[in-house]
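Q: Got a structure for you, questions after.
Protein chains: 2
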Amino acid sequence: MNTRTDDHYPTRLDHAIPPIPRIEPGVWGSADQGPLDDEALQSYADGGYLIRPRTVGPEWLPPLSMELNRLGAELDHDDPRVIREPGGGIRSVFEPHLLSNLIAEVVGLETVLPVARQLLGSDVYIHQARINMMPGFTGSGFYWHSDFETWHAEDGMPAIRAVSCSIALTDNYPFNGSLMVMPGSHQTFYPCVGATPDDNYTSSLVSQRIGTPDQDTLVKACDERGIDQFTGPAGTALWFDANLLHGSGSNITPYPRSNVFLVFNSVDNGLVEPFAAKSRRPSFLAARDIVPAGLQ
Amino acid sequence: MNTRTDDHYPTRLDHAIPPIPRIEPGVWGSADQGPLDDEALQSYADGGYLIRPRTVGPEWLPPLSMELNRLGAELDHDDPRVIREPGGGIRSVFEPHLLSNLIAEVVGLETVLPVARQLLGSDVYIHQARINMMPGFTGSGFYWHSDFETWHAEDGMPAIRAVSCSIALTDNYPFNGSLMVMPGSHQTFYPCVGATPDDNYTSSLVSQRIGTPDQDTLVKACDERGIDQFTGPAGTALWFDANLLHGSGSNITPYPRSNVFLVFNSVDNGLVEPFAAKSRRPSFLAARDIVPAGLQ
Numbered sequence: 009m010n011t012r013t014d015d016h017y018p019t020r021l022d023h024a025i026p027p028i029p030r031i032e033p034g035v036w037g038s039a040d041q042g043p044l045d046d047e048a049l050q051s052y053a054d055g056g057y058l059i060r061p062r063t064v065g066p067e068w069l070p071p072l073s074m075e076l077n078r079l080g081a082e083l084d085h086d087d088p089r090v091i092r093e094p095g096g097g098i099r100s101v102f103e104p105h106l107l108s109n110l111i112a113e114v115v116g117l118e119t120v121l122p123v124a125r126q127l128l129g130s131d132v133y134i135h136q137a138r139i140n141m142m143p144g145f146t147g148s149g150f151y152w153h154s155d156f157e158t159w160h161a162e163d164g165m166p167a168i169r170a171v172s173c174s175i176a177l178t179d180n181y182p183f184n185g186s187l188m189v190m191p192g193s194h195q196t197f198y199p200c201v202g203a204t205p206d207d208n209y210t211s212s213l214v215s216q217r218i219g220t221p222d223q224d225t226l227v228k229a230c231d232e233r234g235i236d237q238f239t240g241p242a243g244t245a246l247w248f249d250a251n252l253l254h255g256s257g258s259n260i261t262p263y264p265r266s267n268v269f270l271v272f273n274s275v276d277n278g279l280v281e282p283f284a285a286k287s288r289r290p291s292f293l294a295a296r297d298i299v300p301a302g303l304q
Numbered sequence: 009m010n011t012r013t014d015d016h017y018p019t020r021l022d023h024a025i026p027p028i029p030r031i032e033p034g035v036w037g038s039a040d041q042g043p044l045d046d047e048a049l050q051s052y053a054d055g056g057y058l059i060r061p062r063t064v065g066p067e068w069l070p071p072l073s074m075e076l077n078r079l080g081a082e083l084d085h086d087d088p089r090v091i092r093e094p095g096g097g098i099r100s101v102f103e104p105h106l107l108s109n110l111i112a113e114v115v116g117l118e119t120v121l122p123v124a125r126q127l128l129g130s131d132v133y134i135h136q137a138r139i140n141m142m143p144g145f146t147g148s149g150f151y152w153h154s155d156f157e158t159w160h161a162e163d164g165m166p167a168i169r170a171v172s173c174s175i176a177l178t179d180n181y182p183f184n185g186s187l188m189v190m191p192g193s194h195q196t197f198y199p200c201v202g203a204t205p206d207d208n209y210t211s212s213l214v215s216q217r218i219g220t221p222d223q224d225t226l227v228k229a230c231d232e233r234g235i236d237q238f239t240g241p242a243g244t245a246l247w248f249d250a251n252l253l254h255g256s257g258s259n260i261t262p263y264p265r266s267n268v269f270l271v272f273n274s275v276d277n278g279l280v281e282p283f284a285a286k287s288r289r290p291s292f293l294a295a296r297d298i299v300p301a302g303l304q
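For the protein sequence lines, the chains are A and B, in the order given. If you're matching positions, the first sequence starts at 9 in my numbering and goes up one per residue. If you're matching positions, the second sequence starts at 9 in my numbering and goes up one per residue.
Here's what the structure looks like:
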């Protein structure tokens, strides 16, 4: 671990090192290659995220909202793809695109797949997918982190050439634990201190402790970048760069927050061995078969 | 406990009972009795809260921001008026108006005391006061509750004729755990289930478990009332009725949230014996000497 001399993004270290400027472009495709115009592409390149209303229309919402519990009930109680809240409720189901035709259809929508291809400038495949629900009253939130930091360290994702698409199934208010991002933070890789524990993912999916920047780093990043919050009606998608710092507070309101979460990786950025973990994570967290996603 | 036949607002019960409409008016004074005009008074009567920018000017902020830690450092480590976060930081200091000339001055400001007198239609005194800080990164928030429910049950406040004035010492954003209220909920008293444990206050000040409405009640209240969030620059005051349902989420941002919190009670509403607790709470939580507050 951390012995690879070819690693541009070292992390999970035994001592702090300075932030590392990103070497990859923020956007790989151009305006003639998809639905996003120059302005949208520039905004995504600068801020690291893009909000796209009506990514799924209202007719999609009731059936999609039922998929989490339907899949959760269908799968064995100890199926590792089902993540439960400390209180027992279902928080996430992984690999829904392989378990549900409905979710597979969402991946292939004209409002989804062409956007992913354009941002990454290539064919794409699903690196990870899940349906999430943060319940009302007890949703516990998630601390600041870059997804790429984990995918690089624990899954062996070589370059920052992946994008997450979070499609809201419920309305996102400022006060129900909706996602916060530090705009522009994707342009910097923040190496983290602390070795990866064995089977870290069994706890990190509920509450992440390893792979988060220290407080001084976050204060500086926040001073420089500020915080934007993702709010909007159900059906809206938030697209965000794999390396964007994000997190969420708790949710004491009665309003749950559900989404379909799709991570697209470039087919030219397939996984290698983990950069900072002893062993690979399961394929439901990090697909190793590169199956290019196709339009419906 | 709960044996008093004269109690219009029974709570801490062994079984659920329906919500009880409030019998007191929302506002006791009139437009000719203070700085608030008819529109502001009507808005407070309807919604149960009022936001007043520049209640303290910018020159007050640096000295006020230092008072929490100054008082915390001055008082003995085991002084019960100092409330600490689970992590050890100072969360609140009670009775600051008796410990600090600066805080006493704030109570007597033209932007503060006359507003309290007008809303309550009488002379007023400080029922409880504190300086609070919710730290960045680890601030844990507070679940939904009505303050009056506690003050009635544990302190013997007879009627809903008190108002809280929370003066922000830091900027309140939507995402740093700022206060949420259910507008109009002050018009209903929500009896709570569960007897008051002995010395409940020693834990309830950090995390309240007793004296909170059940989830079904909160869902209904929220459907009916919605949620408003208190945001605004440092120096802004939130005035809110003692019976307004309020709470706050956690704060994972680097931005702390500090305020001076003053509870004014009408001199005609002095405390009697607790309505649903075995013994009185200490006077730093619930003053029993009615000393009318005066202008500076």
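Built from N, CA and C at the ideal position, the CB exists for glycine as well.
Entirely within the segment 43 to 67 of chain B and at least 4 residues each: give me those alpha helix (DSSP H) ranges in chain order.
A: Taking only runs of at least 4 residues, the alpha helix (DSSP H) segments lying wholly in the segment 43 to 67 of chain B are 46 to 55.
Q: Which residues bound the beta strand (DSSP E) around Leu303/B?
A: Reading the second sequence from its first residue, position 295 is the one you call residue 303/B. From DSSP, Leu303/B is part of no beta strand (DSSP E); its letter is neither H nor E.
Q: Look at the Cβ atom of Leu177/B, then the Cβ atom of Phe238/B, and state whether they are nearer than 8 angstroms.
A: Indexing the second sequence from 1 puts residue 177/B at position 169. Indexing the second sequence from 1 puts residue 238/B at position 230. Cβ distance not < 8 angstroms, so Leu177/B and Phe238/B don't count as in contact.
Q: Run through the DSSP bridge pairs and tell me what Ala170/B is partnered with.
A: Position 162 of the second sequence holds residue 170/B. BP columns for Ala170/B point to Asn273/B.
Q: Can you tell me where the alpha helix (DSSP H) with Phe156/B in it begins and where it stops?
A: Position 148 of the second sequence, counting from 1, holds the residue named residue 156/B. Run containing Phe156/B: 155 to 163, per the alpha helix (DSSP H) assignment.
Q: Does the contact criterion of 3 or more C-beta pairs under 8 angstroms hold for the segment 257 to 269 of chain A versus the segment 126 to 144 of chain A?
A: Result yes; three or more Cβ-Cβ pairs closer than 8 angstroms.
Q: Over the uninterrupted alpha helix (DSSP H) stretch that includes Ser148/A, give me the two end residues.
A: What you label residue 148/A is simply residue 140 of the first sequence in a count that begins at 1. It is not in any alpha helix (DSSP H) - Ser148/A carries neither H nor E in the DSSP assignment.
Q: Hey, does Asn259/A have any beta-carbon neighbour from chain B nearer than 8 angstroms?
A: Stepping through the first sequence from its first residue, residue 259/A is reached at position 251. Asn259/A counts as touching chain B.
Q: Determine which residues of the segment 218 to 230 of chain B have a Cβ less than 7 angstroms from any Cβ of chain A, and write them out in chain order.
A: Of all residues in the segment 218 to 230 of chain B, Gln223, Leu226, Val227, Cys230 have a Cβ within less than 7 angstroms of some Cβ in chain A.
Q: According to DSSP, simplified to helix, strand and coil, what is Gly240/A?
A: For the purposes of this step, residue 240/A is taken as residue 232 along the first sequence, with counting starting at 1. In the structure shown, Gly240/A sits in a strand (DSSP, three-state: E or B).
Q: Any C-beta of chain B within less than 8 angstroms: which residues of the segment 174 to 208 of chain A qualify?
A: Cβ contacts with chain B come from Tyr181, Pro182, Phe183, Gly185, Met188.
Q: When the Cα of Asp224/B is compared with those of Thr210/B, Ala242/B, Val201/B, Ala245/B, which residue comes out closest?
A: In the second sequence, counting from the first residue as 1, residue 224/B sits at position 216. Residue Val201/B is the option with its Cα nearest to Asp224/B.
Q: Which residue's Cα is closest to the Cα of Pro26/B: His16/B, Trp152/B, Val280/B?
A: Residue numbering aside, residue 26/B sits at position 18 when the second sequence is read from its first letter. Ranking His16/B, Trp152/B, Val280/B by Cα distance to Pro26/B puts His16/B first.
Q: Which whole runs of the beta strand (DSSP E) in the segment 72 to 113 of chain B are 3 residues long or more, in chain order?
A: As far as the segment 72 to 113 of chain B is concerned, its whole beta strand (DSSP E) runs of at least 3 residues are 90 to 92, 98 to 102.
Q: Using beta carbons (cut-off 8 angstroms, strictly below), is Gln50/B in contact with chain A?
A: Against the second sequence, residue 50/B aligns to sequence position 42. No, Gln50/B lies away from the interface with chain A (no Cβ there is under 8 angstroms from its Cβ).
Q: Going by the beta-carbon positions, is the gap between Ser256/A and Phe150/A smaller than 8 angstroms?
A: Working through the first sequence from its first residue, we reach residue 256/A at position 248. Working through the first sequence from its first residue, we reach residue 150/A at position 142. Against a cut-off of 8 angstroms, the Cβ pair of Phe150/A and Ser256/A comes out as a contact.
Q: Can you tell me which of Pro122/B, Glu82/B, Ile218/B, Ser174/B puts its alpha carbon nearest to the alpha carbon of Asn140/B?
A: As a working mapping, residue 140/B is identified with position 132 in the second sequence. The shortest Cα separation from Asn140/B among Pro122/B, Glu82/B, Ile218/B, Ser174/B belongs to Ser174/B.
Q: Is the segment 64 to 79 of chain A close to the segment 38 to 50 of chain A, with three or more CB pairs under 8 angstroms?
A: With the cut-off at 8 angstroms, the segment 64 to 79 of chain A and the segment 38 to 50 of chain A do not touch.
Q: Could you tell me whether the Cβ atoms of Leu110/B and Glu75/B are closer together than 8 angstroms?
A: Stepping through the second sequence from its first residue, residue 110/B is reached at position 102. Stepping through the second sequence from its first residue, residue 75/B is reached at position 67. The answer is yes: Cβ separation under 8 angstroms.
Q: Which of the residues in the segment 124 to 149 of chain A, read from start to end, lie with their CB under 7 angstroms from any CB of chain B?
A: Taking 7 angstroms as the Cβ-Cβ cut-off against chain B, the residues of the segment 124 to 149 of chain A that qualify are Phe145, Gly149.
Q: Measuring only between beta-carbons, confirm whether Gln41/A sits less than 8 angstroms from chain B.
A: Translated into the one-based positions of the first sequence, residue 41/A becomes position 33. Not one chain B Cβ lies under 8 angstroms of Gln41/A.
Q: Relative to the C-alpha of Asn125/A, which candidate in Ala294/A, Gly164/A, Pro290/A, Asp40/A has its C-alpha closest?
A: Numbered from its first residue, the first sequence carries residue 125/A at position 117. Here residue 125/A turns out to be Arg, not Asn, going by the sequence shown. Closest option to Arg125/A, Cα to Cα, is Asp40/A.
Q: Considering Cα atoms alone, identify which of Asn184/B, Val227/B, Ile218/B is closest to Cys230/A.
A: Within the first sequence, numbered from 1, the residue matching residue 230/A stands at position 222. With distances taken between Cα atoms, Cys230/A lies closest to Asn184/B.
Q: Using the C-alpha atoms, what's the distance from Val90/B back to Arg169/B?
A: In the second sequence, the residue the question calls residue 169/B occupies position 161. In the second sequence, the residue the question calls residue 90/B occupies position 82. Taking the straight line from one Cα to the other gives about 27 angstroms.
Q: Whole angstroms is fine: what's the gap from Asp297/B's alpha carbon to Gln195/B's?
A: Taking the second sequence and counting its residues from 1, the one referred to as residue 297/B is at position 289. Taking the second sequence and counting its residues from 1, the one referred to as residue 195/B is at position 187. Cα-Cα distance, rounded: 28 angstroms.
Q: Would you decide whether Ser258/B is buried or exposed? Buried here means 16 or more other CB atoms lie within 10 Å of its CB.
A: For this step, residue 258/B is matched to residue 250 along the second sequence. Buried, since its Cβ has 16 or more Cβ neighbours within 10 Å.
Q: Are Val114/A and Ile134/A close, meaning C-beta to C-beta below 8 angstroms?
A: In the first sequence, counting from the first residue as 1, residue 114/A sits at position 106. In the first sequence, counting from the first residue as 1, residue 134/A sits at position 126. Against a cut-off of 8 angstroms, the Cβ pair of Ile134/A and Val114/A comes out as no contact.
Q: Would Ser130/A pass as a contact of Trp36/A if the rule is Cβ separation under 8 angstroms?
A: Taking the first sequence and counting its residues from 1, one reaches residue 130/A at position 122. Taking the first sequence and counting its residues from 1, one reaches residue 36/A at position 28. Result yes, Cβ atoms of Ser130/A and Trp36/A sit closer than 8 angstroms.
Q: Going straight from the alpha carbon of Gly56/B to that of Ser172/B, what length do you get?
A: The count along the second sequence starts at 1 and reaches residue 56/B at position 48. The count along the second sequence starts at 1 and reaches residue 172/B at position 164. About 11 angstroms.
Q: Which chain B residues sit within Cβ distance under 9 angstroms of Tyr151/A?
A: On the first sequence, residue 151/A is found 143 positions in, with the first residue counted as 1. Ordered by position in chain B, the residues that pass the 9 angstroms Cβ test against Tyr151/A are Phe145, Ile260.
Q: Just mark Gly96/B as buried or exposed, buried being the case when its beta carbon has 16 or more other beta carbons within 10 Å.
A: Working through the second sequence from its first residue, we reach residue 96/B at position 88. Per the 10 Å Cβ criterion, exposed.
Q: How about Leu279/B and Gly192/B: are their beta carbons less than 8 angstroms apart?
A: Numbered from its first residue, the second sequence carries residue 279/B at position 271. Numbered from its first residue, the second sequence carries residue 192/B at position 184. No, these two residues do not count as a Cβ contact at 8 angstroms.
Q: Could you have a look at Pro29/A and say whether DSSP puts it in helix, strand or coil?
A: Position 21 of the first sequence, counting from 1, holds the residue named residue 29/A. DSSP places Pro29/A in strand when its eight states are reduced to three.
Q: When DSSP builds the beta bridges, which residues end up paired with Gly185/B?
A: The count along the second sequence starts at 1 and reaches residue 185/B at position 177. In DSSP, Gly185/B forms no bridge with anything.
Q: Return the residues of the segment 9 to 38 of chain B that lie within a Cβ-Cβ distance of less than 9 angstroms from chain A, sorted by chain order.
A: Cβ contacts with chain A come from no residue of the segment 9 to 38 of chain B.
Q: Which residues in the same chain as Asp155/B place their Cβ atom closer than 7 angstroms to its Cβ, once the five residues preceding and following it in sequence are excluded?
A: By one-based count along the second sequence, residue 155/B stands at place 147. Taken in chain order, the residues that qualify are Ser172, Ala250.
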